[in-house]
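Inspection log for the structure reproduced underneath, given as structure tokens.
Protein chains: 2
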Amino acid sequence: MSQSLKTILSLRELILSGELKPGERLSELSIVDRLGVSRTPVRMALVRLEEEGLLEAIPSGGYAVRHFSEADIFDAIETRGTLEGLAARLAAERGPSPGQIGEIKACLRKLDILIQDEHGADTLTGYVELNEQFHQLLIHMSGSRVVARQIERAVALPFASPSAFVEVQAMLPESRAILLVAQEQHRSVVEAIERREGARAEALMREHSRVAHRNLVMALDHQGARELVPGMALIRQSA
Amino acid sequence: MSQSLKTILSLRELILSGELKPGERLSELSIVDRLGVSRTPVRMALVRLEEEGLLEAIPSGGYAVRHFSEADIFDAIETRGTLEGLAARLAAERGPSPGQIGEIKACLRKLDILIQDEHGADTLTGYVELNEQFHQLLIHMSGSRVVARQIERAVALPFASPSAFVEVQAMLPESRAILLVAQEQHRSVVEAIERREGARAEALMREHSRVAHRNLVMALDHQGARELVPGMALIRQSA
DNA sequence: TTCAGCTATTATGTATCCCAAAATCATAAA
DNA sequence: TTTATGATTTTGGGATACATAATAGCTGAA
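First to last, the sequence lines map onto chains V and F. Start counting the first sequence at 14; every next residue gets the next number (this note's numbering). Start counting the second sequence at 14; every next residue gets the next number (this note's numbering).
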């Protein structure tokens with residue numbers, strides 16, 4: 014593993030865990046001391062994490078940990094939903110290959126099976142994996158590198174990912190119901206794409222992203238649930 | 014001006030002018046020789062230009078000039094339109110301040126005056142400036158940093174900018190008609206936002222971006238018009 | 001006591017050097 | 001003639017030394 018990658022991973026962990034607080038300025042030398050790598054990979058990591066959205070450049074030079082408001086999380090989810098809606102519409106309009114449709118239907122079936130089981134031991138990680146795979150396949154079906162790239166960037170924010178809220182969701186009593194609704198949306202989107210119904214596919218994908226909105230509200234209300242949301246350490250009320 | 018910035022500007026110019034051809038691998042040392050700066054700012058510039066989308070990272074290390082297809086331009090425009098549509102909807106739903114509405118209406122009036130004049134000497138640069146300002150104000154009215162950032166990134170691709178096609182458009186016989194339509198869309202979007210009509214504002218902004226689609230088709234047909242489109246040097250048929 | 005200005009320190013920006021890995025080319029063997 | 005292997009060269013990643021700009025702290029004067 015390269016020193017740069019090691020530094021990126023370490024810094025990201027420090028930021029997401031809240032050890033480095035929002036607004037805190039990151040001096041290159043302090044990171045050098047902390048992580049034991051030289052300034053070159055540190056600088057590389059700082060640039061990459063700014064691109065990712067976790068850091069912001071200070072006008073006079075250097076970087077600080079970025080802070081977000083609750084509204085920012087909302088907007089990030091809405092942005093992802095909008096872009097995934099675009100991807101779904103493009104997929105529907107352009108008509109994906111039978112192979113792609115087969116793949117995503119196989120993914121749907123696996124999710125069905127997983128959901129049928131009452132929540133077992135590692136059901137959660139399995140769900141996260143399959144859910145991410147579904148979203149990935151959908152993006153691929155759009156057939157657009159440009160859109161795919163844009164979604165990648167939108168999802169880079171930790172709380173914007175399609176599975177950012179599965180952990181909090183699992184804590185809720187209505188958890189299972191939400192899962193069923195989400196899966197119904199998955200199924201309907203695929204159906205819409207198959208039938209070349211672009212507007213429907215887009216609307217469904219947008220609405221699908223809004224289960225995250227609901228989970229967000231839940232997470233904000235229940236004090237214990239907050240730390241289950243990745244990146245929650247970056248949230249400041251007044252930001 | 015810093016060496017890094019100088020390198021970024023020089024490299025971008027070399028890429029957009031087509032002097033560095035799509036697919037061409039960029040060796041750090043060759044750039045050092047070419048531009049007379051050391052490797053450090055060169056490396057920094059390469060990272061930033063990859064982020065911008067002009068370069069792509071090679072798995073084994075290093076960077077190559079990215080190439081795009083005509084479909085990619087189409088998708089980039091559609092992506093921008095979708096995100097600007099999101100911004101317009103958010104602006105409408107949230108209700109911008111009277112000051113913001115005043116600002117964008119002032120911008121509209123200036124555009125009106127400019128369009129009324131028969132095409133004068135520097136009407137074009139004036140139009141580009143006001144047009145960009147309009148789009149900027151609209152983004153600001155959304156009230157969302159997250160959305161603003163995402164649009165910034167989408168617009169970084171040279172042919173995705175709101176004013177990427179004004180030069181080709183100016184060559185067309187129906188140029189004036191297109192301008193009038195675009196301005197009507199500007200006006201309608203502001204009206205929709207004022208009336209808190211989110212769906213209308215979004216649809217209008219999307220449709221507005223599609224004047225670029227039309228101009229793109231024109232540019233691709235007329236051989237002389239191609240080089241008026243920024244970034245056209247990056248287009249490969251089969252990409 | 002407060003503010004201005006200077007200085008010292010620390011931070012980032014830049015250049016250069018070293019090293020490891022990968023691509024390439026040449027040569028030899030099948 | 002083709003393929004495999006080894007040497008050479010090139011390239012990129014990393015470390016460090018140097019230059020320059022920013023900042024904080026201190027001193028002196030109002």
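We put the beta carbon where it would ideally sit given N, CA and C, even for glycine. Please read all numbers here as calculations on a predicted model, not as lab measurements.
In DSSP terms, what residue i is bridged to
i	result
PHE81/V	ILE248/V
ARG25/F	The partner list for ARG25/F (beta bridge, DSSP) is empty, contrary to what the question assumes.
ARG38/F	ALA77/F
Cβ of residue i within 7 Å of any chain V Cβ
i	result
GLU64/F	yes
VAL160/F	yes
ASP85/F	yes
Proximal residues of chain F, C-beta to C-beta of residue i below 7 Å
i	result
SER157/V	ASP88
Chain V residues whose Cβ lies nearer than 8 Å to that of residue i
i	result
ALA167/F	GLN163
Residues that residue i contacts on chain F, provided the C-beta gap is smaller than 8 Å
i	result
LEU99/V	GLU91, THR92, THR95
Continuous beta strand (DSSP E) stretch holding residue i: start and end
i	result
GLU69/F	68 to 70
Unbroken alpha helix (DSSP H) run spanning residue i, endpoints
i	result
GLY112/V	111 to 129
LEU185/V	Element bounds for LEU185/V: n/a, residue is neither H nor E.
HIS153/V	136 to 154
MET218/V	211 to 234
ALA173/F	Neither: ALA173/F is in no alpha helix (DSSP H) and is coded neither H nor E.
PRO243/F	Note, PRO243/F: premise wrong, no alpha helix (DSSP H); not H, not E.
GLU32/V	That residue, GLU32/V, is in no alpha helix (DSSP H); it is neither H nor E in DSSP.
ALA167/F	158 to 168
MET14/F	No alpha helix (DSSP H) holds MET14/F; DSSP gives it neither H nor E.
ARG61/V	52 to 65
Among the options, nearest to residue i - alpha-carbon criterion
i	options	result
GLU187/F	ASN228/F, ALA167/F, LEU24/F	ASN228/F
HIS148/V	ILE164/V, LEU22/V, LEU137/V	ILE164/V
ASP88/V	ALA161/F, GLN182/F, ALA77/F	ALA161/F
THR92/F	ALA84/V, SER155/V, GLU83/V, GLY31/V	SER155/V
GLN198/V	GLU240/V, LEU99/V, HIS221/V, THR138/V	HIS221/V
ALA104/V	ALA238/V, ALA177/V, VAL141/V, HIS153/V	HIS153/V
VAL168/F	GLU145/F, GLU41/F, ARG208/F, ARG189/F	GLU145/F
SER176/F	MET14/F, GLY49/F, ARG158/F, ILE90/F	ILE90/F
LEU170/V	LEU217/V, LEU247/V, ALA119/V	LEU247/V
ILE71/V	GLN182/V, ARG38/V, VAL55/V, MET14/V	ARG38/V
PRO243/F	THR138/F, PHE172/F, ALA232/F	PHE172/F
ILE21/F	GLU63/F, SER40/F, ASP46/F	GLU63/F
GLU75/V	LEU59/V, ARG158/V, GLY66/V	The amino acid occupying residue 75/V in the given sequence is Gly; Glu does not appear at that position. Minimum Cα distance to GLY75/V is reached at LEU59/V.
GLU82/V	LYS123/V, ARG213/V, GLY36/V	Looking at the sequence provided, one finds Ser at residue 82/V rather than Glu. It is GLY36/V whose Cα lies nearest to the Cα of SER82/V.
ARG25/F	THR138/F, ALA77/F, SER201/F, GLN250/F	ALA77/F
ARG107/F	GLN250/F, LEU241/F, LEU217/F, ALA212/F	ALA212/F
Minimum Cβ-Cβ distance from residue i to chain F less than 7 Å
i	result
VAL60/V	yes
ASP130/V	no
ASP234/V	no
LEU22/V	no
ALA252/V	In this prediction, ALA252/V has a pLDDT of 47, which is less than 50 and means its spatial position is unreliable; nothing more can be read from the coordinates.
Proximal residues of chain V, C-beta to C-beta of residue i below 7 Å
i	result
ASP46/F	Those do not exist, as ASP46/F stays about 21 Å from chain V at its closest Cβ, beyond 7 Å.
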